[in-house]
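Below is one structure, written out as structure tokens, with a few remarks after it.
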Amino acid sequence: MANVVIVGMQWGDEGKGKVVDLICPAFDAVVRYQGGHNAGHTVKFADRHFALHLIPSGILRSATRCVLGNGMVVAPDAFFKELEGLEAAGIDATGRLFVSQRAHAVLPTAVLLDKAREAARGDAKIGTTARGIGPTYEGKISRYGLRICDLGSDRLEEKLRALLTRADAELRSLGQAGVERPARLADQCRAWHERLVPYLADTELLLNRWSKEGKDILLEGAQGTLLDIDHGTFPYVSSSSSTAGGAATGTGLPPTALTGAIGVLKAYATRVGEGPFVTEIEDEAGEFLRSRGNEFGTTTGRPRRCGWLDLVAARYAQRINGIDAIALTKLDVLDELEEIKVCVGYRLGGKVHRETSAIFEGDEPFEPVYTTMPGWKQSTVGARELGDLPVEARDYLEMIEDEVGARLGLISSGPRREETILCPGLKPLLGDRFSDVAAQPDP
Ligand code: GDP
Ligand code: IMO
Ligand code: MG
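Numbering-wise, the working numbering comes out as the position in the sequence shown, counting from 1, plus 133.
Listed below in structure tokens is the structure:
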């Protein structure tokens with residue numbers, strides 16, 4: 134049995150979608166356990182290009198079951214739009230896509246609140262995706278939120294009224310118009326629920342049954358460790374538990390059923406939105422990474438801030454998630470650089486910290502302590518064997534393994550499925566089914 138969590142080790146957009154799609158043949162099901170359509174997971178193979186937001190990246194493989202777990206927040210209109218896009222592209226989800234009844238529903242009022250709060254924060258804004266994610270999770274924690282099952286409840290109007298009264302008061306206090314008329318929204322909710330019924334399931338029961346039957350489950354994290362509500366750079370975080378611990382609460386699989394964790398780590402660092410970023414580079418090297426790495430948001434199109442790889446943060450992500458193997462992505466983006474910097478410590482008040490969980494907390498910014506490594510100045514695009522890589526690139530990878538304390542499970546040398554080097558560190562996680570990944574035919 135392999136129930137493996139895939140988690141971003143940075144601020145999201147590490148390439149989780151590519152990695153999930155690639156190793157899918159080793160699993161029977163792929164499950165999202167948190168977040169909503171703030172995520173944007175890209176999958177490319179042959180001449181095909183998909184951007185998944187709510188639906189697990191496993192949906193592109195016809196034999197894979199896909200589950201939206203209870204820890205997610207689901208916007209019904211975004212769900213249907215995504216499903217229609219997949220259907221138009223010839224992807225049939227019938228009978229293999231399941232949505233938790235207990236996931237919380239993202240209602241239009243949450244989007245209004247998200248935008249109004251950001252506007253009211255002014256310079257202190259978070260830089261959210263404006264998808265209503267924060268206000269929806271807040272509704273869950275305050276116990277006023279509506280779950281997907283509530284959309285079809287006999288008490289829908291009553292539940293909506295309680296939620297909307299609060300939203301209306303807050304919107305007005307922020308100088309906005311109030312919320313839509315509850316009756317209209319109630320009709321909309323019922324219509325959404327009716328359309329959702331074929332997908333609704335008691336996903337906790339389903340997943341635990343599959344797990345008992347020996348089926349292998351891949352848990353697809355969205356966002357990343359440093360955007361986690363508990364472990365990220367608060368308050369510049371998303372509102373869910375994107376780290377590996379969230380995979381248990383967000384699905385109902387017990388923590389003891391999880392057998393391993395793969396951390397997706399970009400060969401450099403990016404961040405969208407506001408908040409601390411110790412290794413950010415704002416000169417032409419940052420511009421180079423942005424254009425060469427095509428660092429523009431999959432969900433919002435915003436340019437991503439770019440910087441050097443931060444090993445203090447990567448070690449932190451390894452600890453928090455118990456990363457067994459690293460999926461190192463976008464190595465090819467560094468191909469043309471003369472030299473590559475990596476941050477090995479943070480300096481604060483004359484002291485250098487190599488390990489810190491007080492990352493980013495003080496008012497005084499940490500200063501990065503860099504090691505400089507020589508670049509390889511030749512193309513690694515599409516490399517499929519470790520031996521295809523120049524020695525400087527292999528040194529860079531070895532240094533990452535040593536510094537982070539986890540083995541390499543794979544190296545991504547381009548956005549496409551086939552542009553990948555599988556490494557020995559992946560085998561223990563996938564067991565016998567490693568061969569299903571290694572033997573997959575080129576698309
Ligand atoms: P996710 O949110 O973690 O799934 O990542 P995104 O899909 O938002 O962003 C990753 C971007 O990098 C996408 O455009 C991918 O197609 C692309 N990508 C993934 N792996 C590689 C790689 O190894 N090299 C290059 N050049 N691009 C990659
Ligand atoms: P994937 O799954 C990168 C960021 C936003 C903002 C903060 C809070 O594609 O890696 P939110 O709308 O969630 O309240 O925004 O989190 N953010 C992401 N950044 N990748 C993501 O998802 C993100 N999801 C949210 O930019 O800084
Ligand atoms: Mg993304």
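Just so it is clear, CB atoms sit at the ideal spot from N, CA and C, and this is done for glycine as well.
From the listed residues Glu551, Thr384, Lys474, Lys214, the smallest Cα separation to Leu442 is found for Lys474.
Counting along the chain, Phe421 sits inside the alpha helix (DSSP H) bounded by residues 417 to 425. A straight-line Cα-Cα distance of about 8 Å links Leu481 and Glu497. Taking all protein chains shown into account, Val330 has fewer than 16 neighbouring C-beta atoms within 10 Å of its C-beta and is therefore exposed. By the Cβ-count criterion, Lys345 is exposed, with fewer than 16 other Cβ atoms from all chains shown falling within 10 Å of its own Cβ.
Looking at the DSSP output, Phe178 bridges to Arg181. If you look at Asn171, you'll find it isn't in any alpha helix (DSSP H); DSSP assigns it neither H nor E. Counting only unbroken stretches of 4 or more residues, the alpha helix (DSSP H) elements lying wholly within the segment 353 to 387 are 379 to 382, in sequence order.
DSSP places Asn136 in the strand class (E or B) of the three-state scheme.
Taking Leu467 as reference, the option from Gly520, Val397, Asp363, Ser546 with the minimal CA-CA separation is Ser546. By the beta-carbon neighbour count (other beta carbons within 10 angstroms, threshold 16), Arg280 is buried. Per DSSP, the unbroken beta strand (DSSP E) holding Ile395 starts and ends at 393 to 399. In the three-state DSSP reduction, Thr431 falls in the coil class, being neither helix nor strand.
The criterion of a C-beta distance shorter than 8 Å is not satisfied by Asp349 and Arg165. Counting only runs of 4 or more residues that sit fully inside the segment 179 to 263, the alpha helix (DSSP H) segments are 209 to 221, 241 to 254, in chain order.
Judged by their CB atoms, Leu187 and Asp154 are not nearer to each other than the 8 Å cut-off. Residues Glu413, Arg438, Cys439, Gly440 of the same chain have their beta carbon placed closer than 8 Å to that of Gly419, with the five preceding and five following residues left out of the count.
At least one heavy atom of ligand 1 lies closer than 7 Å to the C-beta of Val397.
Residues of the same chain with a CB within less than 8 Å of the CB of Gly347, apart from the 5 flanking positions on each side, are Met134 in chain order.
CA-CA distance, Leu522 to Ala310, rounds to 58 Å.
Under DSSP, Pro507 takes part in a beta bridge, and its partners are Glu472. Short note on Pro548: C-beta closer than 7 Å to some heavy atom of ligand 1.
Look at the beta carbons and you see the segment 385 to 392 not touching the segment 505 to 515: under three pairs across the two are nearer than 8 Å. Within the same chain, Cβ atoms closer than 6 Å to the Cβ of Gln573 are found at Pro158, the five residues on either side in sequence being excluded. DSSP, reduced to helix, strand and coil, places Pro315 within a helical segment of the structure shown. Leaving aside the five residues that flank Arg404 on each side, the residues in its chain whose CB is nearer than 6 Å to its CB run, in chain order, Trp144, Phe410, Arg438.
Around the beta-carbon of Ala196, fewer than 16 other beta-carbon atoms lie within 10 Å, marking it exposed. In the structure shown, the three-state DSSP call for Thr269 is helix. Between ligand 1 and Asn427, a heavy atom-to-CB distance of less than 7 Å is present. With a 10 Å radius around the Cβ and a threshold of 16 neighbouring Cβ atoms, Glu552 comes out buried. A contact is defined here as three or more CB-CB pairs under 8 Å, and the segment 201 to 213 meets this definition with respect to the segment 168 to 187.
Note that the C-beta distance between Glu147 and Thr376 is not below 8 Å.
In the structure shown, the three-state DSSP call for Lys484 is strand. DSSP, reduced to helix, strand and coil, places Pro501 within a strand of the structure shown.
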